[in-house]
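Below you'll find the structure, written out as structure tokens, and then a few comments.
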Amino acid sequence: ELAAAYAAAHVDYLARRAELGQVPEIEGVSAGGMPTRVKCLHALLGHALAAGAGVNPIGDRTLEVLRERGLWDPERCSC
871 ELAAAYAAAH
881 VDYLARRAEL
891 GQVPEIEGVS
901 AGGMPTRVKC
911 LHALLGHALA
921 AGAGVNPIGD
931 RTLEVLRERG
941 LWDPERCSC
């Protein structure tokens, strides 16, 4: 179930990027290791934040852990 949701996140990422234009050199390549591995949590988290909850399960889980640890507050942006 998680693998299927993650594969769907890959497709979503590619579709959203295609709306902005095509770059042949990265055609079919999304981000964060999708759809077969988890590599860059920051990219997966960014996708989850941009697309909304329920689109990228690994990005959603990353955000959940950050909230649990007091490292994310949607009312405050800090780096």
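With this note's numbering applied, the sequence shown corresponds to residues 871 to 949, in that order. By construction, the Cβ of each residue, glycine as well, lies at the ideal position given by its N, Cα and C atoms. Fair warning: this is a prediction, and the values are worked out from it, not measured in the lab.
Distance between beta carbons of residue j and residue i, contact taken as under 8 Å
i: Leu915; j: Gly929; result: 5 Å
i: His917; j: Asn926; result: 5 Å
Proximity of residue i and residue j at Cβ, strictly below 9 Å
i: Ala921; j: Ala879; result: yes
i: Gly902; j: Lys909; result: yes
i: Ser900; j: Leu884; result: yes
i: Ala877; j: Met904; result: yes
Residues of its chain near residue i, where Cβ-Cβ distance is below 8 Å and the 5 sequence neighbours each way are ignored
i: Trp942; result: Leu933, Leu936
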